[in-house]
Each structure stands twice: as structure tokens, then as C-alpha cells.
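One rule links them: number in my numbering = place in the sequence shown (from 1) + 5. Heads up, the beta-carbon is just placed ideally off N, CA and C, and yes, glycines get one too. Please read the structure below before turning to the comments.
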Amino acid sequence: MYKLEFPLYVVISYIALAIIGILGNFTIILITITNKCLHSRCYILIALMACFNFVYCIYAAQLRVMILINESVMSSSTCFLISIYGIFAMNMQSLLALFIGIDRVYVIVYPGKYAKLSINYYYLMVTLCALISLLVTFCKFVFYSDEVVTNCLLSTALHGIPFKIWQFMNFFITVAVIFVYSLAHINFQTLKKSTVHMKTAKSVDRIMKSMLIVIAFYVCTWTLGLCGMFLSQFLQADDIHAFIIQKLSGWLVLSNSSLNVFIYFWRTPDYRKAILKLFGISKSVVDSRIHVSYMPNNPVAIF
6 MYKLEFPLYV VISYIALAII GILGNFTIIL ITITNKCLHS RCYILIALMA
56 CFNFVYCIYA AQLRVMILIN ESVMSSSTCF LISIYGIFAM NMQSLLALFI
106 GIDRVYVIVY PGKYAKLSIN YYYLMVTLCA LISLLVTFCK FVFYSDEVVT
156 NCLLSTALHG IPFKIWQFMN FFITVAVIFV YSLAHINFQT LKKSTVHMKT
206 AKSVDRIMKS MLIVIAFYVC TWTLGLCGMF LSQFLQADDI HAFIIQKLSG
256 WLVLSNSSLN VFIYFWRTPD YRKAILKLFG ISKSVVDSRI HVSYMPNNPV
306 AIF
């Protein structure tokens, strides 16, 4: 039996964080739908990522509720069937974080070409992300395991080789995300010095302010959480150090999916105005987008 137990206070606090994530990600989705100033490509991608973060937070809360009501002891295969939607959502969140970074690099390095990108490119890339996510999620069926687990979690749902495959994919994505956002930051500094693309620089500056904080938060939560999961595999399941690492890793991973709304509110005026309007604190949201160019055949506005 794969043993992993959590005290009551850990479970309840985890559920509370998941609820914050559910509300926060729903807020991002809602304000993106209802405010035209958030209908740019990058904002829509962020809203799409928020959709999967929203689903993952529901999944995280569900698993902890199952622990509270003593319904979490089951076989690894049963746990996987319960967890399919949450694992897929987490995979999509990781891949979309990378895609958004690539999108930001492209608009900074090739603003002219970016303006001519067809919406079909975005459909294709999101579909590719979905296919990769499905492939990694369902590798469990190839490496079947029916070991009994004391608590159904993501790590126990994919227990064995499938979990190692999941870790490998996410470590690769994490390194790629850090590299891409670093590249975006370096190129943005060059763009700011150019008078030719002044409007593009002003436009990108708003989203970069929040995205740089997001990537720093990403490194401190998601990356450290993955490292903790990896390290805990080399310790005995009943080791106190393994428990502490697993507990902190769970908190870090969930924080990455739950708390982005606060960063966007803090660092991005468009989000801040939209959220204040949603809660009746501000009467209107001014469309502050600066358009790079007009695209008559593309329904998604350019940020």
C-alpha cells in the first residue's frame, strides 16, 4: 500500500486555498468575457489558462473533501479515473504557460509578422497542447498499476512510470518557460529603446509588467513544487521529511494555479479596472489597448 497521510488542518487549509483559486480564476474568466479591453490575444490566452486552473482547483478541493469524509482509500487505477480531468487540466495549464511565453516573444521580436498571424494558428497550437496533454494523461493505461493508495492524489493516481513521465514533461516545460520568458524580457529591453516600434513597446509593457511577476511566482511555486515531488521519491513514504516535502509541494503547486488573479490585479491596469468594475467599485472600464495594426479577417484584437 502506498501510504500518504495528512493532518486535518492541512486538508482544510488546502481546501480553503483551492476555493480562493476557484473564485479567482472564475473572476479572470468572467471579466475577460465581459470587457472588450480584455479581448486581445494574450488576455484571451490567459483566460483560457484560467479555465484550466479553475478546473484544477475544483479537482484539488474534491480530493481533499474525499479525505475528510474517509472516501480516499482506493486502488491507483480507480484514483486515476477520478483524477483524469484534473490531470488533464494541470497539463494544459503547463503547456499554455509555455505558449503564452512564446506568443509574447513573437510579438516583441516580430511585431509586423505577429499582426498578420491568422486566428487558425492559435486554434492549431491549442489543439496541439490538448493532444500532448491527453497523451501524457492517458499513458496510465499503458503502464497499468492497481496498487492500493491511502489517499487519492495526483501523485498516487499516476503512481509509478506514468508519474515519472508526467514529471519529465513538466520539468521540460518548466525549463522552456523560464527560458522563453527570459528571452522575452531581454528582447523587450531592446524594443523599448527602439523608436520604430514605440506603440508596440507601450502595448507590450503593460502585459510584461504582470507576466514578469507571474514567471517569478511560477518559479517559486510550480518549479519548487515539482522539485519537491521529485525529491520525495527518494525518501521512505513514512519518513517525516518526505511528508513535509510532499505537503509543501502540494501547497506550492496549488498556489501557482490559485493566486495569479492577485498578481494581475496588482500589476495590470486593465485587469484592475475590470475587477473593480465587476465588484461595483469603478463605474466603467476604459479601453486602453494600443493596436499594432488592423486585421479585418481576424476576430481577435491585437494587444
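Item: Quick one: residues in its chain with C-beta nearer than 8 angstroms to the C-beta of I178, no 5 flanking neighbours on either side, listed in chain order?; Value: S99, L100, A102, L103
Item: Could you pull the start and end residues of the alpha helix (DSSP H) that G26 belongs to?; Value: 13 to 39
Item: Can you check DSSP and say which residues form a bridge with M79?; Value: V154
Item: What residue does the alpha helix (DSSP H) around C144 start on, and which one ends it?; Value: C144 -> no alpha helix (DSSP H), and no H or E assigned at all.
Item: Does the structure place the stretch 36 to 48 close enough to the stretch 76 to 95 that three or more beta carbon pairs sit under 8 angstroms?; Value: no
Item: Where A23 and Y90 are concerned, what is the direct C-alpha to C-alpha distance, given to the nearest angstrom?; Value: 16 angstroms
Item: Using only the alpha-carbon positions, how far apart do H190 and L217 sit?; Value: 8 angstroms
Item: Since I believe A55 is in contact with N30 (beta carbons under 8 angstroms), could you give me their beta-carbon distance rounded to a whole number of angstroms?; Value: 4 angstroms
Item: Which residue wins for smallest C-alpha separation from L188, given the options I220, M174, W171?; Value: I220
Item: If you count every other CB in all the chains shown that lies within 10 Å of the CB of K278, and 16 or more means buried, which is it?; Value: buried
Item: Is the beta carbon of M97 sitting closer than 7 angstroms to the one on V141?; Value: no
Item: Would you call the stretch 247 to 265 in contact with the stretch 129 to 143, where contact means no fewer than 3 C-beta pairs closer than 8 angstroms?; Value: no
Item: According to the Cβ coordinates, are V185 and G106 closer than 7 angstroms?; Value: yes
Item: DSSP three-state label for I250, please.; Value: helix
Item: Against chain B, does F222 count as a neighbour if the rule is that its beta carbon must be under 7 angstroms from one of theirs?; Value: Although the question refers to chain B, the structure presented lacks it and comprises just one protein chain.
Item: Could you tell me if N4 is buried or exposed, where buried requires 16 or more neighbouring beta carbons within 10 angstroms of its beta carbon?; Value: A query on residue 4 cannot be resolved here, the shown segment of the chain reaching from 6 to 308 and no further.
Item: Could you name the residues of the same chain whose beta carbon sits closer than 7 angstroms to that of Q172, not counting the 5 residues immediately before and after it, in chain order?; Value: L231, M234, F235
Item: Which whole-angstrom value is the C-beta distance of F148 and G165, which I expect to be below 8 angstroms?; Value: 6 angstroms
Item: So, is L133 buried or exposed, given that buried needs 16 or more other C-beta atoms within 10 angstroms?; Value: exposed
Item: Grouping DSSP H, G and I as helix and E and B as strand, with all else coil, what is Y115?; Value: coil
Item: Would the beta-carbon of Y32 fall within 7 angstroms of that of V258?; Value: Checking the sequence shown, residue 32 turns out to be Thr, not Tyr. Cβ atoms of T32 and V258: not closer than 7 angstroms.
Item: Which class does L122 belong to by DSSP, given the choice of helix, strand or coil?; Value: coil
Item: Tell whether a beta-carbon distance below 7 angstroms holds between A309 and F57.; Value: In the structure as shown, the chain starts at 6 and stops at 308, and residue 309 therefore has no counterpart that could be examined.
Item: Tell me the DSSP secondary structure of F104 in three-state form.; Value: helix
Item: Taking only the alpha-carbon atoms, compute the straight-line gap between V112 and D275 and give it to the nearest angstrom.; Value: 19 angstroms
Item: Can you give me the Cβ contacts of V114 inside the same chain, cut-off strictly under 7 angstroms, excluding the 5 residues immediately before and after it?; Value: N192
Item: Compute the Euclidean distance between the alpha carbons of P12 and I72, then round it to the nearest angstrom.; Value: 10 angstroms
Item: Can you check whether the CB of L281 is closer than 7 angstroms to the CB of I36?; Value: no
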